């Protein structure tokens, strides 16, 4: 069959015919052809020249140089750079086992190639097509087969070359490829686009802690997608399109800045190490760092506030008035306990802390904040870090697991504009206080005398035990109404009268203000009773007024009172009959004060309250 479509190929055919007078292989025909220099180079690069010079026989559909010229130069260079890969497969798709002359071909015929696929023969008005290519010179006989010259590289074996293909076929982008696939963005990056991709290398991803990367991959449609989209720009931005100070909007919605100094191009925090790798649907620039996305919020407080696992921490920070601080310039490093970490704290303690947010709560929170930006790469085993609370926490690292005191870092290096957040699984100790009834007294600024008396009497351990206890706690002002020499005498013998006085302020069980009623008698651990009086909402316990009620503790409750509760017991040390039916009594009360007789069968107690002397009459039966 004759397929001479132009004068050029007529001349080529004459040349080939002249060469055909000599004994030559299929490769020899290609090698000596003036229109097959690219095919020759490809065959040699792929190591197929020996095959096409062997016995065969083979049928070769040989694309011309013009056919190869429509392939983008960078794609061809990529194929030649890895000739034993895709290039070999493409070439073998042009080779058929056996000798198939033009007269052996028929319309609709399927021919299996050495690549393993099939190409279809189409014949219309004497024009023969092999796949997408037209046979322009047929039946060039060789010693080991036949060559048919065609005007196109056979498809569809020609590989795609999308921005995703470039990443997938790269030896230095395995992590990026895995992340793109996990996030379901491979289809997007293989679509029409066009796209510009700033592609971090495996080395760039290696600086991210393994547990952080695992966390991102575990939720690929969340933060991972946002991070990846921060590396993709709509359109094709070649290196020549970039300028110093230029802001580029990413598909994540944020912006990255271009910096160019002495020919070195930086995109955000990353340096471009290979530029302008062209793709069918855009361009790829290789960079040496992962671009940090411009997340919806950027301060360390914003990161906490927008987290789904830091609701309690956010509440505590706001209550303590530290939200403004953590949103300021800083920089700060925050070790952020999760809601699960806070759930281990008894609810009453947490409520107590939140009730006084500028006190102990602030100190606890500041124990989780460090001045400056301490990334995970800045931490070392045994390192001591000073917190804003003024104490130190210790870093320990074992098998890549980082602990801050008793807490494990479960997500590291969440970068903020003003520092970094590390998520931890526990509240940092030992700053977490106990909250027994004794702790409440000991930490109070108005109960120094009561604390000293409790310690002197050896009751501190009792009031720090399980209980529960209800304590009516006289203030320092209440104790100041007792003469100093009496206080000194009591402290000198703490296991005697002092213990009895203190126990007269302690009740077994938890008695909240809502449990009290007017006229109610309460039995104390001293063994006596005190009476509850309630008038116009004012609660009195014996002679003392409750000024602060219901301070809840781990082991009970504390009520603050304004006076030392008087005991109803006394020691009668002398008596004699004066007149009929009268008894003279000389006694002292439990505080050591003298009790004077004045009424038959009655003891008059001198009772001090608010700096004044009042009298209580107790009949002696």
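Residue numbers (the working numbering): 1 to 621. Every residue, glycine too, gets a C-beta built ideally from N, C-alpha and C. Quantities reported herein were computed from a predicted structural model and do not represent experimental measurements.
Comparing alpha-carbon positions, which option in 209, 347 and 120 lies nearest residue 411?
Residue 411 sits at position 411 when you count from the first residue of the chain shown. The shortest Cα separation from residue 411 among 209, 347 and 120 belongs to 209.
Does the separation of the CB atoms of residue 626 and residue 332 fall below 8 Å?
Outside the displayed range of the chain (1 to 621) lies residue 626, so it cannot be described from this structure.
Suppose contacts are defined by Cβ-Cβ distances below 8 Å. Is residue 163 in contact with residue 282 by that definition?
Against the chain shown, residue 163 aligns to sequence position 163. Against the chain shown, residue 282 aligns to sequence position 282. Cβ distance < 8 Å, so residue 163 and residue 282 count as in contact.
May I ask which residues mark the beginning and end of the beta strand (DSSP E) holding residue 551?
Taking the chain shown and counting its residues from 1, one reaches residue 551 at position 551. According to the DSSP assignment, residue 551 belongs to the beta strand (DSSP E) that extends over 544-553.
On the three-state DSSP scale, how would you describe residue 349?
Mapped onto the chain shown, residue 349 falls at position 349. Residue state, collapsed to three classes: helix.
Taking 7 Å as the limit between beta carbons, can you name the residues of its chain near residue 21, skipping five residues before and five after?
For the purposes of this step, residue 21 is taken as residue 21 along the chain shown, with counting starting at 1. Note that residue 21 scores 40 on pLDDT, short of 50, meaning its location in the model is unreliable; the coordinates nonetheless yield the value given after this. Once the five neighbours on either side are set aside, residue 21 has no close Cβ partner at all.
Determine, using beta-carbon pairs with one atom in the stretch 90-104 and one in the stretch 164-184, whether at least three such pairs fall under 8 Å.
no
Return helix, strand or coil for residue 177, following the three-state DSSP convention.
On the chain shown, residue 177 is found 177 positions in, with the first residue counted as 1. Three-state DSSP puts residue 177 in a helix.
Given a threshold of 16 other Cβ atoms within 10 Å of its Cβ, counted over all protein chains shown, does residue 59 qualify as buried or as exposed?
The sequence position of residue 59 within the chain shown is 59, counting from 1. Sixteen is the threshold: when 16 or more other Cβ atoms of the shown chains lie within 10 Å of the Cβ of residue 59, as they do, the residue is buried.
Could you name the residues of the same chain whose beta carbon sits closer than 7 Å to that of residue 115, not counting the 5 residues immediately before and after it, in chain order?
Your numbering for residue 115 matches position 115 in the chain shown. Annotation for residue 115: 89, 92, 93 and 157 place their beta carbon closer than 7 Å to its own, counting only its chain and skipping 5 residues before and after.
Is DSSP giving residue 387 helix, strand or coil here?
Taking the chain shown and counting its residues from 1, the one referred to as residue 387 is at position 387. Note: residue 387 maps to coil in three-state DSSP.
Measure the C-alpha to C-alpha separation of residue 448 and residue 375 and round it to an integer number of angstroms.
Translated into the one-based positions of the chain shown, residue 448 becomes position 448. Translated into the one-based positions of the chain shown, residue 375 becomes position 375. Near 44 Å, if we compare the C-alpha coordinates of residue 375 and residue 448.
On the three-state DSSP scale, how would you describe residue 509?
Here residue 509 refers to the residue found at position 509 when the chain shown is read from its first residue. Reduced to three states, the DSSP call for residue 509 is coil.
For residue 248 and residue 258, which I take to be in contact (beta-carbon distance under 8 Å), what is that distance rounded to the nearest angstrom?
Here residue 248 refers to the residue found at position 248 when the chain shown is read from its first residue. Here residue 258 refers to the residue found at position 258 when the chain shown is read from its first residue. Between residue 258 and residue 248 the Cβ distance is about 6 Å, and since that is below 8 Å, they are a contact.
Apart from the five residues on each side of it in sequence, which residues of its chain come closer than 7 Å, Cβ to Cβ, to residue 101?
Here the question's residue 101 lines up with position 101 in the chain shown. The answer, listed in chain order, is 139 and 146.
Hey, how far is the Cα of residue 237 from the Cα of residue 401?
As a working note, residue 237 is residue 237 in the chain shown. As a working note, residue 401 is residue 401 in the chain shown. Their backbone Cα atoms lie some 41 Å apart in a straight line.
Would you call the stretch 227-234 and the stretch 192-203 in contact, with 3 or more CB pairs under 8 Å?
yes
Can you give me the C-alpha to C-alpha distance between residue 397 and residue 405, rounded to a whole angstrom?
If you number the chain shown from 1, residue 397 lands on position 397. If you number the chain shown from 1, residue 405 lands on position 405. The straight-line gap from Cα to Cα measures roughly 11 Å.
With a cut-off of 8 Å, do at least 3 Cβ pairs link the stretch 301-321 to the stretch 382-391?
No, the stretch 301-321 is not in contact with the stretch 382-391.
For residue 214, report the span of its alpha helix (DSSP H) as first-last.
In the chain shown, residue 214 corresponds to position 214, counting from 1. Its alpha helix (DSSP H) spans residues 210-218.
What's the call for residue 428, buried or exposed, on a 16-neighbour Cβ count within 10 Å?
Stepping through the chain shown from its first residue, residue 428 is reached at position 428. The Cβ neighbour count for residue 428, taken over all protein chains shown within 10 Å, is at least 16; the residue is labelled buried.
Have a look at residue 556 and residue 413 and give me their C-alpha separation to the nearest angstrom.
In the chain shown, the residue the question calls residue 556 occupies position 556. In the chain shown, the residue the question calls residue 413 occupies position 413. Going by the C-alpha atoms only, they are around 42 Å apart.
Report the CB separation of residue 57 from residue 144 in whole angstroms; it is logged as a contact under 8 Å.
As a working mapping, residue 57 is identified with position 57 in the chain shown. As a working mapping, residue 144 is identified with position 144 in the chain shown. The Cβ separation is near 5 Å, so the contact holds.
Across the stretch 64-77 and the stretch 44-53, are there enough close Cβ pairs to call them in contact, namely three or more that are closer than 8 Å?
no
Taking only three categories from DSSP, how would you classify residue 62?
Looking up residue 62 in the chain shown gives position 62. Residue state, collapsed to three classes: strand.
So for residue 564, helix, strand or coil by DSSP?
Residue mapping note: residue 564 aligns to position 564 of the chain shown, counting from 1. If DSSP states are grouped into helix, strand and coil, residue 564 belongs with coil.
Skipping 5 residues on each side, what residues in its chain have a beta carbon closer than 6 Å to that of residue 314?
One-based indexing of the chain shown puts residue 314 at position 314. So the qualifying residues of the chain are 304 and 305.
If you count every other CB in all the chains shown that lies within 10 Å of the CB of residue 486, and 16 or more means buried, which is it?
Taking the chain shown and counting its residues from 1, the one referred to as residue 486 is at position 486. If you draw a 10 Å sphere on the C-beta of residue 486, you find fewer than 16 other C-beta atoms in it, and that means exposed.
Just to confirm before moving on: does the CB-CB distance between residue 215 and residue 172 stay below 8 Å?
Within the chain shown, residue 215 is the residue found at index 215, counting from 1. Within the chain shown, residue 172 is the residue found at index 172, counting from 1. A distance of 8 Å or more separates the beta carbons of residue 215 and residue 172.
In chain order, what residues of the same chain have a beta carbon less than 6 Å from the beta carbon of residue 564, not counting five sequence neighbours either side?
Taking the chain shown and counting its residues from 1, one reaches residue 564 at position 564. Excluding positions up to five away in sequence, the list reads 474 and 478.
Please report the straight-line C-alpha distance between residue 79 and residue 285, rounded to a whole angstrom.
Your numbering for residue 79 matches position 79 in the chain shown. Your numbering for residue 285 matches position 285 in the chain shown. Going from the Cα of residue 79 to the Cα of residue 285 covers about 19 Å.
Residue 464 to residue 566, Cα distance in whole Å?
Within the chain shown, residue 464 is the residue found at index 464, counting from 1. Within the chain shown, residue 566 is the residue found at index 566, counting from 1. Computed Cα separation, rounded: 25 Å.
Determine the closest residue to residue 244 out of 470, 263 and 490, with distance taken between C-alpha atoms.
Residue 244 sits at position 244 when you count from the first residue of the chain shown. The shortest Cα separation from residue 244 among 470, 263 and 490 belongs to 263.
Near residue 383, what residues of its chain come up, given a Cβ to Cβ distance below 8 Å and the 5 sequence neighbours on each side ignored?
For the purposes of this step, residue 383 is identified with residue 383 of the chain shown, where counting begins at 1. The answer, listed in chain order, is 394 and 395.
Going by beta-carbon coordinates alone, are residue 462 and residue 554 separated by less than 8 Å?
Taking the chain shown and counting its residues from 1, the one referred to as residue 462 is at position 462. Taking the chain shown and counting its residues from 1, the one referred to as residue 554 is at position 554. Result no, Cβ atoms of residue 462 and residue 554 do not sit closer than 8 Å.
Distance, Cα to Cα, residue 55 vs residue 81?
Within the chain shown, residue 55 is the residue found at index 55, counting from 1. Within the chain shown, residue 81 is the residue found at index 81, counting from 1. Those two C-alpha atoms are separated by around 29 Å.
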